[in-house]
Every structure is written in structure tokens, then in C-alpha cells.
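Just so we're aligned, residue 1 is where the sequence shown starts under UniProt numbering, counting upward by one.
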Amino acid sequence: MAVVTAGSPGAVDDATIEQWHAAYASNDKNLLATNAVCVSDVADVLLNRDSVVDNTDVEFDHRMQYDEAKATDQKSTGRCWIFAATNVIRLHFIKKFGLSDSFEFSQPYLFFWDKLEKANYFLESIIKTRSEPLDSRLVHHLLSTPINDGGQYDMIINLISKHGLVPKSAFPESKHSCNSRRMNQIIITKLREFAQVLRDASKASDESALRAIKSKQMSEIYSIMCIFFGIPPKQFTWSFRNKEKKYVEHPKLTPLTFVGQLIDFDVTDMVSLISDPRNPYYKLYTVDYLGNVVGGRDVRYSMMSLCATPLRIVDLSSSLVNVPIEVLNELAARSIEGGEPVWFGCDVGKHFHREMHVMDLGIFNYNLVFNTKFNQNREQRLRYGQSLMTHAMVFNAFHGEVGNVSRWRVENSWSDKNNKGFATMTNDWFNEYVYQIVVNKSLLSPEILAVYDQVPTVLPPWDPMGSLAN
Numbered sequence: 001m002a003v004v005t006a007g008s009p010g011a012v013d014d015a016t017i018e019q020w021h022a023a024y025a026s027n028d029k030n031l032l033a034t035n036a037v038c039v040s041d042v043a044d045v046l047l048n049r050d051s052v053v054d055n056t057d058v059e060f061d062h063r064m065q066y067d068e069a070k071a072t073d074q075k076s077t078g079r080c081w082i083f084a085a086t087n088v089i090r091l092h093f094i095k096k097f098g099l100s101d102s103f104e105f106s107q108p109y110l111f112f113w114d115k116l117e118k119a120n121y122f123l124e125s126i127i128k129t130r131s132e133p134l135d136s137r138l139v140h141h142l143l144s145t146p147i148n149d150g151g152q153y154d155m156i157i158n159l160i161s162k163h164g165l166v167p168k169s170a171f172p173e174s175k176h177s178c179n180s181r182r183m184n185q186i187i188i189t190k191l192r193e194f195a196q197v198l199r200d201a202s203k204a205s206d207e208s209a210l211r212a213i214k215s216k217q218m219s220e221i222y223s224i225m226c227i228f229f230g231i232p233p234k235q236f237t238w239s240f241r242n243k244e245k246k247y248v249e250h251p252k253l254t255p256l257t258f259v260g261q262l263i264d265f266d267v268t269d270m271v272s273l274i275s276d277p278r279n280p281y282y283k284l285y286t287v288d289y290l291g292n293v294v295g296g297r298d299v300r301y302s303m304m305s306l307c308a309t310p311l312r313i314v315d316l317s318s319s320l321v322n323v324p325i326e327v328l329n330e331l332a333a334r335s336i337e338g339g340e341p342v343w344f345g346c347d348v349g350k351h352f353h354r355e356m357h358v359m360d361l362g363i364f365n366y367n368l369v370f371n372t373k374f375n376q377n378r379e380q381r382l383r384y385g386q387s388l389m390t391h392a393m394v395f396n397a398f399h400g401e402v403g404n405v406s407r408w409r410v411e412n413s414w415s416d417k418n419n420k421g422f423a424t425m426t427n428d429w430f431n432e433y434v435y436q437i438v439v440n441k442s443l444l445s446p447e448i449l450a451v452y453d454q455v456p457t458v459l460p461p462w463d464p465m466g467s468l469a470n
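Shown next, in the form of C-alpha cells:
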């Protein structure tokens, strides 16, 4: 057993501890805070009542004509990006067919195909990096999380373009589509084993031989997926009663014809923009090894279309235009003003009261309780690992004017238990913790559009701009 030598440079010694304790004990507020925090949830002690009053049961003066359906629930999974995207698409669909506000597209259907495609993407990445040292940062990154629940907006369009979409009635939730932990453990265990097999075989096999091995491995993954989810439908009948109680039936649909024939929501001109102060603005960026579907061509414009014919939109190292946060803010407001909700990615865990569904920099008074402030700015938090994208949601209303918004209305996917599933976000919070939005290309200025002609700068796979998919 090692012995700590007294007086070692940099060590914590008894005299210093006594000084710290004297400073702590000299402030009666510290003793009060200790008594409160030791017997209470610290979030309750930190809660700033003024922030609660200012951001609870508030109205929004800019709302879309049809802006709301019943809140959805991703349950114990990381499917927020799938829920946010399908929540955007379903608004138009509900209005078109006069459906109940509880209608949902099948998130588990997309989740199934995303898991399967990501497994294949991972194994292809292992083949691609077979000459890299096992302990290289890249291979270590790939093996650290072979698959996960997270994703990006463009990955959704990848999945819909290749596999289509179905109503939730055609492919409902299973036990493990709602709680993915055990499923992920099993699949990840197999994928790491398969990665070892492929790397070992690469010493004596060419690429075609490795892909033959991979095909057998993927057959095993497919069987595991079907056991966890059930078998995705190849054909189905969609029937419903609309709000006028009229019975409607659409027989013999495939997931792709369902999209091509019935979904009018056209995302051909939808683009992703980020605001990353670490890097120059009005430049194009991609994140290496950020994708879910192998094959076809890279997407430069993040332009996709929901149509009956599968598009070749795959292997998505999604190209992102980097703009100042004020531009992100303005474009989100203009989209809502024009009647389109906004998919966005943010760091949801910061200054967020989950039960009250309030996101406000002042919701918790850390200085009052702990005598400390958090002093890093947006750029510094990104550089030092204190912030990254962790959650996707939807903006569907705001209060104020374009360029001078005071608060935002957010549709979450954590059930309707808290504020019916909708949150209030202050504009100050937006400016600190929102990192990505998806809007129509028609809203972009010529300056931004010109950026898409650039050769994108490739960010490493572990960059925080790709964290929503990790």
C-alpha cells in the first residue's frame, strides 16, 4: 500500500483542509444550505421561484395555424431524434386526413431499421479501418459504441427514403423498443465480437471475403432484431375514422407506397444548420463516420425527398453550415412564422427543470446555495467537454418578434406528464444551448446558400457536433 508523503507538492494537507473548513463554517448560509440539501433534492433547494412564475402557464403570440398533436413518449430510449422528426411530419398528415391528435407514425419501425443499418455501418467501418492499429483513437471510438439509440435528422430521411414509413398501428411498440438497454447490450456484445473476427480475418482475406463474413454476421443481427421487435411489415392496410366519423381504408400499402402516395410533407429543401463558435462561421462542415446507412453517394446539401422511389441518400456524413447563433435564432422564428415547426438539437440537461418543463438560465440559483457561478461561455463549454448536443425536440411557437424573441414553445417526447409534454425555453437559454436546427432552404440568405458550394471541413467522429448521434 502506497504511503502519501506529507508535504508533497500539490498534495492536500491537513492545514489547508482546516483553512477551507474555517472559511466554510464562518458563513451561516453554508450551514443552512447543508441542512437543506442533505434532506432534500438539490433541484428543489436551488429552484428560483421567480423563474417558475415567469415561465409557467405562459402564452405565445406566434403560433402556427395547426401546431399541436398529443405529446409522444420515447420512454427509456434515446429515440428523441426519431420522435422529433416524425412529430414534425405528422402535423401535416393529421390535418390532411382529419385524424385524431393522438395519431403517430411508427417510431419502432424506424428504430428497427436504424439499428440494423447502424450494425452494418459499424461492421463496414471496421472493414474500412482494418489497417488501423487496434488502439488508435479512431478504432477505439468505433468500438466504444458500435451502435446506439441516437441519431441526426438526416439519418431519419435516409431511413424513410430506403425503408419507408408506417403508422404506429401497423408496427406498434414492443417491450424492448420502449426500453432498449438490454437489447443494446446484446447487439453491442455481438458487434464487438464480429469486429474481432473481421480484423483477425483481414490478415489473410481481401475485402470481398470480409464482406461475405459480414453478411453471415448481419443475418444473425437481423434475427436478434426480429426477436426484440417483431417482423416489420412488408404490406399492410391502413384504416381509420376521421374527425367526421367517416371510415377510410387504404389497402395493400407498402411502407414506401404509404410515403409516396399519402404523405405530402415534402422535405426536399430541408437543410441542417449549426452554430459552433469554435469554428469559422459561413463554412461547411461534416462529421467523419457519422451515418447509419451504407452505400450510394454522400449528401452535400442535406436535401431529401419523401417519395415512392427510394432515393440514394446514404452514408450520411451530414454537411452542416455553421452560422452565428443569432442567425439560427432568426431562421427558427421565421420558419414558425411561416407555418413550419422546427426540429432542433440542444444540450437539454443544462438549467432545465424536468417536472416543470422550463429551460431558463435562471431556473436554479447556484450562487445562492453554493456561493459559486459557472463562468465558461458557449465556446469554452464545447472545447472542455462541458456541453454537447444531447437531445432533439421541436419548436412550434415563440413569443416576441423575429430577431427579438423572449421565449419558445417546445414539443418534447417525454410523455404528457409534465405540462402536457410541452416546455418553455427562454431565448437566453436558446442562445447558450441550442446547437442545430432544420429549416427550409427557401429561408436561407444568398450568403448561406453559397456555403453549400464549398468543400466541407471534416470534423473528427468524436466532435460534439456529432454527439446527438452518439
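Each residue gets a CB set at the ideal place from its N, CA and C atoms; glycine is no exception.
Note that the structure is a prediction, hence the values are computed from the model and not measured.
Taking Cβ positions, are Leu116 and Met183 nearer each other than 8 Å?
-> Taking the first residue of the sequence shown as position 1, residue 116 is located at position 116. Taking the first residue of the sequence shown as position 1, residue 183 is located at position 183. Contact flag unset, no.
Start and end residues, beta strand (DSSP E) containing Gln436 = For the purposes of this step, residue 436 is identified with residue 436 of the sequence shown, where counting begins at 1. Here the beta strand (DSSP E) through Gln436 covers 434-440.
Would you decide whether Thr189 is buried or exposed? Buried here means 16 or more other CB atoms lie within 10 Å of its CB.
-> Your numbering for residue 189 matches position 189 in the sequence shown. Burial is judged here by how many other beta carbons sit within 10 angstroms of a residue's own beta carbon; Thr189 has fewer than 16 and is exposed.
By the 10 Å Cβ neighbour count, where 16 or more other Cβ atoms means buried, how is Ser375 classified, buried or exposed?
-> In the sequence shown, residue 375 corresponds to position 375, counting from 1. The sequence shown places Asn at residue 375, rather than the Ser named in the question. Burial call: exposed.
Using DSSP with H/G/I as helix, E/B as strand and the rest coil, what is Ile313?
-> Working through the sequence shown from its first residue, we reach residue 313 at position 313. Any answer about Ile313 is weak, because its pLDDT of 34 lies below 50 and its placement is not dependable; what the coordinates show is given next. Assigned with DSSP and collapsed to three states, Ile313 falls in strand.
Are Tyr282 and Val451 close, meaning C-beta to C-beta below 8 Å?
-> Within the sequence shown, numbered from 1, the residue matching residue 282 stands at position 282. Within the sequence shown, numbered from 1, the residue matching residue 451 stands at position 451. Yes. Within cutoff.
Would Trp20 be called buried (16 or more neighbouring beta carbons within 10 Å of its own) or exposed?
-> In the sequence shown, residue 20 corresponds to position 20, counting from 1. In the assembly as shown, Trp20 is an exposed residue. Its beta-carbon has fewer than 16 other beta-carbons within 10 Å.
List the endpoints of the continuous alpha helix (DSSP H) containing Ala22.
-> Residue 22 sits at position 22 when you count from the first residue of the sequence shown. Counting along the chain, the alpha helix (DSSP H) containing Ala22 begins and ends at 14-25.
For the candidate residues Ala204, Met393, Arg354, whose alpha-carbon lies nearest to that of Leu47?
-> Along the sequence shown, read from residue 1 onward, the residue named residue 47 stands at position 47. Taking Leu47 as reference, the option from Ala204, Met393, Arg354 with the minimal CA-CA separation is Arg354.
Between the C-alpha atoms of His465 and Lys245, what's the straight-line distance to the nearest angstrom?
-> For the purposes of this step, residue 465 is taken as residue 465 along the sequence shown, with counting starting at 1. For the purposes of this step, residue 245 is taken as residue 245 along the sequence shown, with counting starting at 1. Before going on, a small fix: residue 465 reads as Met here, not His. For Met465 and Lys245, the gap between their C-alpha atoms comes out near 46 Å.
To the nearest whole angstrom, what separates the beta carbons of Asn322 and Tyr285, a pair I think is in contact under 8 Å?
-> Sequence index remark: in the sequence shown, residue 322 carries index 322 (1-based). Sequence index remark: in the sequence shown, residue 285 carries index 285 (1-based). Sure, about 6 Å apart at Cβ, within 8 Å.
Under the three-state reduction of DSSP, which class applies to Met303: helix, strand or coil?
-> Counting from one through the sequence shown, the residue named residue 303 turns up at place 303. Here Met303 scores only 32 on pLDDT, less than 50, and its place in the model is too uncertain to base an answer on.
Integer-rounded CB distance, given that Ile160 should sit under 8 Å from Val259 | If you number the sequence shown from 1, residue 259 lands on position 259. If you number the sequence shown from 1, residue 160 lands on position 160. The pair is a contact, with the Cβ atoms about 6 Å apart (cut-off 8 Å).
Is it true that the CB of Arg79 sits closer than 8 Å to the CB of Gln107?
-> Counting from one through the sequence shown, the residue named residue 107 turns up at place 107. Counting from one through the sequence shown, the residue named residue 79 turns up at place 79. It is a contact, given that the beta carbons lie within the stated cut-off.
For Thr457, the residue or residues it bridges with in DSSP | As a position in the sequence shown, residue 457 is number 457, starting the count at 1. Answer is Tyr285.
Buried or exposed: which applies to Pro324, given that a residue is buried once 16 or more other Cβ atoms fall within 10 Å of its Cβ?
-> On the sequence shown, position 324 is the one that residue 324 refers to. It is exposed - the Cβ of Pro324 has fewer than 16 other Cβ atoms within 10 Å.
Residue burial classification, Ala69 (beta-carbon count within 10 angstroms, cutoff 16) = For the purposes of this step, residue 69 is taken as the residue at position 69 of the sequence shown. Buried, since its Cβ has 16 or more Cβ neighbours within 10 Å.
Is Met411 helix, strand or coil by DSSP?
-> One-based indexing of the sequence shown puts residue 411 at position 411. Checking the sequence shown, residue 411 turns out to be Glu, not Met. Residue state, collapsed to three classes: strand.
Residue closest to Ser51, alpha-carbon to alpha-carbon, out of Asn412, Leu361, Val458, Pro456 | Residue 51 sits at position 51 when you count from the first residue of the sequence shown. Out of Asn412, Leu361, Val458, Pro456, the CA that lies nearest to the CA of Ser51 is found in Leu361.
Enumerate in chain order the residues of its own chain whose CB-to-CB distance from Tyr433 is below 6 Å, with the five nearest sequence positions on each side excluded.
-> The sequence position of residue 433 within the sequence shown is 433, counting from 1. When the five nearest sequence neighbours on each side are left out, the beta carbons in the same chain lying within less than 6 Å of the beta carbon of Tyr433 are those of Cys346, Asp347, Lys350, in order along the chain.
When you compare each of Lys95, Pro172, Ile186 to Leu110 by their alpha carbons, which one comes out closest?
-> Counting from one through the sequence shown, the residue named residue 110 turns up at place 110. Selection Lys95, Pro172, Ile186 evaluated against Leu110 yields Pro172 as nearest (Cα-Cα).
How would you write the range of the alpha helix (DSSP H) that Met155 sits in, first residue to last?
-> On the sequence shown, position 155 is the one that residue 155 refers to. Following the DSSP letters along the chain, one finds Met155 inside the alpha helix (DSSP H) bounded by residues 153-163.
In chain order, what residues of the same chain lie with their CB nearer than 6 Å to the CB of Asn419, ignoring the 5 residues before and after it?
-> Taking the first residue of the sequence shown as position 1, residue 419 is located at position 419. For Asn419, where only same-chain residues beyond five positions count, the Cβ hits under 6 Å are His357.
With a CB to CB cut of under 6 Å and the five nearest residues on each side skipped, what residues in its chain are close to Leu382?
-> The residue you call residue 382 lines up with position 382 of the sequence shown. The beta carbon of Leu382 sits closer than 6 Å to those of Arg278, Pro464, all from its chain and outside the five residues before and after it, given in chain order.
Start and end residues, alpha helix (DSSP H) containing Lys252 = Taking the first residue of the sequence shown as 1, we reach residue 252 at position 252. Unbroken run through Lys252 is the beta strand (DSSP E), 247-253; no alpha helix (DSSP H).
Determine the closest residue to Met64 out of Leu143, Met393, Glu337, with distance taken between C-alpha atoms.
-> What you label residue 64 is simply residue 64 of the sequence shown in a count that begins at 1. The residue with the shortest Cα to Cα distance from Met64 is Glu337.
Is the shortest distance between the beta-carbon of Thr72 and the beta-carbons of chain C less than 8 Å?
-> Among the chains in the structure shown there is no chain C, since it carries only a single protein chain.
Where Met425 sits in the DSSP three-state scheme | If you number the sequence shown from 1, residue 425 lands on position 425. Looking at Met425 - three-state DSSP - the assignment turns out to be strand.
Would a C-beta distance cut-off of 8 Å place Asn329 and Phe236 closer than the cut-off?
-> Taking the sequence shown and counting its residues from 1, the one referred to as residue 329 is at position 329. Taking the sequence shown and counting its residues from 1, the one referred to as residue 236 is at position 236. No. Outside cutoff.
Cα separation between Ile221 and Pro146?
-> Position 221 of the sequence shown, counted from the start, is the residue given in the question as residue 221. Position 146 of the sequence shown, counted from the start, is the residue given in the question as residue 146. Taking C-alpha positions only, Ile221 is separated from Pro146 by approximately 13 Å.
With a cut-off of 8 Å on the beta carbons, I'd call Ala84 and Val394 a contact; round off their distance for me.
-> Indexing the sequence shown from 1 puts residue 84 at position 84. Indexing the sequence shown from 1 puts residue 394 at position 394. The C-beta distance from Ala84 to Val394 rounds to 5 Å, short enough to meet the 8 Å contact threshold.
Between which two residues does the beta strand (DSSP E) carrying Thr237 extend?
-> By 1-based counting over the sequence shown, the position of residue 237 is 237. Its beta strand (DSSP E) spans residues 236-241.
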